[in-house]
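Colleague: Residue numbers (our numbering), protein chains in the order written: chain X, 89 to 203; chain V, 5 to 118.
(1) Please classify residue 115(X): is it buried, with 16 or more other beta-carbons within 10 angstroms of its beta-carbon, or exposed?
(2) So, helix, strand or coil for residue 35(V), using DSSP?
(3) Would you say residue 52(V) and residue 94(V) are within 8 Å of each other, going by their C-beta atoms?
(4) Are the beta-carbon atoms belonging to residue 96(X) and residue 198(X) less than 8 Å from one another?
(5) Return the residue from the list 38(V), 8(V) and 43(V) that minimises the CA-CA distance to residue 60(V).
(6) So, is the C-beta of residue 109(V) closer than 8 Å to a C-beta in chain X?
(7) I want to verify the contact list: residues of chain V whose CB lies under 7 Å from the CB of residue 192(X), in sequence order.
(8) Pull up the CB-CB distance for residue 163(X) and residue 118(X), whole angstroms please, since I reckon it's below 8 Å.
(9) Looking at chain V, which residues of the region 127–138 of chain X have a Cβ within less than 9 Å of any of its Cβ atoms?
(10) Is the CB of residue 185(X) under 8 Å away from at least one CB in chain V?
(11) With three or more beta-carbon pairs closer than 8 Å as the criterion, would you say the region 144–156 of chain X touches the region 166–184 of chain X?
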């Protein structure tokens, strides 16, 4: 079946630094990828939708200058958390949509801890 | 706008008993409905989906869900619960007129007691 990978699975960084999270579709091409954020014991909140080769569309309330999304190829999207603060600590999950089947597959998530 | 409601934060059942996790939705356009399960510190695992066709959908690990258009519901069920079913369950909806974004419910934590 289709696989979506995320790297790293866990990251700890200091406040003020930037962190990049990669999301890859391993055996299919994804023109569209989604980034979600999940706080402890809460649901997944859609942050943004990224389309290959164009700017991401951010959901209301999500700071696009803080959460930089790049979707440079049909198999890779990156989320960069800039100038991270402790309140950015969360579980980030990406999802990739197969451009042929339109099926959506989820990555295993990245746990970000900002100290 | 599309939305999903999971009215129960937590469901407790005894092992061997049937379980139901409730979900209602609101979309404009045709709904695509999904159930996912999440174990601690893990990503989402797909259980089942409804796109069209038979209202009763069978999925992984013995789970099934029934699509009810008039009640806009998509409740998750299992005839006999296992302790290993204890996890966090998410209902999700996607609309063919909503940009194909998948929106998740708040989640329901299922506890199955031995």
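Glycine included, every Cβ here is placed at the ideal spot set by N, Cα and C.
Modeller: With the given structure in hand:
(1) With fewer than 16 Cβ atoms within 10 Å of its Cβ, residue 115(X) is classed as exposed.
(2) The answer is strand: DSSP assigns residue 35(V) an E or B state.
(3) No; because the gap between Cβ atoms is not below 8 Å, this pair is not in contact.
(4) Cβ distance < 8 Å, so residue 96(X) and residue 198(X) count as in contact.
(5) Residue 38(V) is the option with its Cα nearest to residue 60(V).
(6) It does; some Cβ of chain X falls within 8 Å.
(7) By Cβ distance, chain V contributes 106.
(8) Confirmed, Cβ separation roughly 7 Å.
(9) Residues passing the 9 Å Cβ filter: 129, 130, 131, 132, 133, 134 and 137.
(10) Yes, residue 185(X) counts as interfacial toward chain V.
(11) With the cut-off at 8 Å, the region 144–156 of chain X and the region 166–184 of chain X touch.
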